[in-house]
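Just so it is clear: in the sequence shown, position 257 is 256 by numbering that gives the first Met the number 0, and no numbers are missing.
Note that CB positions come from ideal geometry on N, CA and C, so glycine has one too.
Only a predicted model underlies this, so the values are computations on that prediction, with no experimental measurement involved.
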Amino acid sequence: MATCLVTGGAGFIGSHLTEQLLADGESVVVLDDLSTGQADNLAALKDHPRLSIRVGSITDQVALGEALAEADVVYHLAAAVGVKLVADNPVHTIETNIYPTEQILRLAAQGKKAVFLASTSEVFGKNPKESWTEEDDLLLGPTSKPRWAYGCSKAIDEFLALAYHRRFGMPVVIGRFFNVVGPRQVGHYGMVVPRFVDQALDGGPIEVYDDGQQVRCFAHVREVVRSVIGLVRLPAAHGQVFNIGSDSPVSIQQLAEAVAAKVGGNIAIRHKPYSEAYGDDFEDVRRRVPNLSKLRSTLGTAPSLPLGSILDDVLAWRREVRARRDASA
Ligand SMILES: NC(=O)c1ccc[n+]([C@@H]2O[C@H](COP(=O)([O-])OP(=O)(O)OC[C@H]3O[C@@H](n4cnc5c(N)ncnc54)[C@H](O)[C@@H]3O)[C@@H](O)[C@H]2O)c1
Numbered sequence: 000m001a002t003c004l005v006t007g008g009a010g011f012i013g014s015h016l017t018e019q020l021l022a023d024g025e026s027v028v029v030l031d032d033l034s035t036g037q038a039d040n041l042a043a044l045k046d047h048p049r050l051s052i053r054v055g056s057i058t059d060q061v062a063l064g065e066a067l068a069e070a071d072v073v074y075h076l077a078a079a080v081g082v083k084l085v086a087d088n089p090v091h092t093i094e095t096n097i098y099p100t101e102q103i104l105r106l107a108a109q110g111k112k113a114v115f116l117a118s119t120s121e122v123f124g125k126n127p128k129e130s131w132t133e134e135d136d137l138l139l140g141p142t143s144k145p146r147w148a149y150g151c152s153k154a155i156d157e158f159l160a161l162a163y164h165r166r167f168g169m170p171v172v173i174g175r176f177f178n179v180v181g182p183r184q185v186g187h188y189g190m191v192v193p194r195f196v197d198q199a200l201d202g203g204p205i206e207v208y209d210d211g212q213q214v215r216c217f218a219h220v221r222e223v224v225r226s227v228i229g230l231v232r233l234p235a236a237h238g239q240v241f242n243i244g245s246d247s248p249v250s251i252q253q254l255a256e257a258v259a260a261k262v263g264g265n266i267a268i269r270h271k272p273y274s275e276a277y278g279d280d281f282e283d284v285r286r287r288v289p290n291l292s293k294l295r296s297t298l299g300t301a302p303s304l305p306l307g308s309i310l311d312d313v314l315a316w317r318r319e320v321r322a323r324r325d326a327s328a
């Protein structure tokens, strides 16, 4: 069994990945600075004999080098994430998302260790196609608009990872995540599902940005982490980029209506201009749908849990967190 380094392992996706790797019998070292992640996400696992949790930054070369020395496989998820955080802090985004990735690849190449790189559908930018394949053009907006710094930083990470794979022959897998959702995702950084769920549980209104006709596809985090682990273990996937997500499109208006219906009690839905949420610089992407043919043909499966079941899971988790908070108040 391997030892896996999960950078960002106290985050939303990272904590589910850590859980699944431990359940599969692997050992896990987590390196997380708890900036957007939380120690609570790993609370149920903290005494696990095959888990070591280190609070530190991937920008600290010593901490990163020590954590990586222990691992056979690196799942690199730590990053500056969230539309709002990234739009507000473009320098931090670039520094966190590019230099440490280069260092991880360099150290992993020396030890011929496998690396999974968490990338994002944001790299496609505003490509107007109905659905995006991994070989489609990246159509980012101008550098004067900070929101594109995130997708651009992840695209550079992808170039680096593929270059290291070609040059040193090390196993590398790149996953472009499309709207991963589920328990433990928080709404502070612009994530839409937890934000809508909390607004609905507070009695409304649910705030939909713009006209609500933006289209997204939501995938359950548990299915996403199974895809990630499956790809890393499959030699045929090495050196390649994969879209990872659901391909069932839903508009943000439909999402708001689905959340309101699940919570019940006549919850209002209000529309708000993007400029009020993210400032005048903000540009959104109207439609974001992955083509999953490559994932399906390589892995034989892709995330498919319907939105209703995902929302049930998120609602159950939020109700539990809120009940605990109320009980301790
Ligand atoms: N959730 C999604 O829908 C989605 C979509 C596309 C891509 N991604 C990518 O998946 C990865 C995980 O995202 P997430 O949704 O779980 O977000 P998250 O914020 O919950 O996870 C990121 C984790 O990285 C940690 N981190 C940030 N900077 C760090 C640093 N300098 N050193 C150490 N740890 C640091 C945070 O504390 C957090 O635990 C990210 O790389 C993100 O870009 C996520």
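- Residue side-chain check: S51 keeps its Cβ at 8 Å or more from all non-hydrogen atoms of ligand 1.
- In this structure, the CA atom of G264 is about 16 Å from the CA atom of R318.
- Between the alpha carbons of L294 and R225 lies a gap of roughly 12 Å.
- Linking F158 to F115 through their CA atoms gives a straight-line distance of about 13 Å.
- Contact check for N242 and N290: beta-carbon distance about 7 Å, within the 8 Å limit, so the pair qualifies.
- In the DSSP assignment, no residue is bridged to N126.
- With a cutoff of 9 Å on beta-carbon distance, A1 and L41 are scored as not near each other.
- Closest in C-alpha terms to I266, from the list A199, P141 and L30, comes A199.
- By the criterion of a C-beta distance shorter than 6 Å, V240 is surrounded in its chain by E133 and I173, once the five residues flanking it on both sides are discounted.
- Rounded to the nearest angstrom, the Cβ distance from L310 to A257 is 6 Å, consistent with a contact under 8 Å.
- Residue environment: V54 is assigned as exposed (fewer than 16 neighbouring CB atoms within 10 Å of its CB, all protein chains considered).
- In the same chain as V249, and ignoring 5 residues on each side of it, the C-beta atoms closer than 8 Å to its own belong to V214, R215, C216, F217, A257 and L306, in chain order.
- Short of 7 Å from the beta carbon of A160, and not among the five residues preceding or following it, lie these beta carbons of its own chain, in chain order: L104, V114, L116, V171 and I173.
- Residue environment for H187: exposed (fewer than 16 other C-beta atoms within 10 angstroms of its C-beta).
- Taking 8 Å as the cut-off, the C-beta of G55 counts as close to a heavy atom of ligand 1.
- Every unbroken stretch of the alpha helix (DSSP H) spanning 4 or more residues and falling wholly within the segment 6 to 42 is given here in chain order: 11 to 22.
- Judged by beta-carbon spacing, D87 lies within the 9 Å limit of P145, meaning their Cβ atoms are closer than that value.
- A distance criterion of 8 Å places the beta-carbon of S118 in contact range of ligand 1, judged by its closest non-hydrogen atom.
- Beta-bridge pairing by DSSP links S51 to V28.
- Apart from sequence neighbours up to five positions away, the residues of its chain that approach A235 with a beta-carbon distance below 7 Å are T297, ordered along the chain.
- Secondary structure note for H75: its beta strand (DSSP E) is the uninterrupted segment V72 to H75.
- In the DSSP assignment, S56 falls outside any alpha helix (DSSP H) and carries neither an H nor an E.
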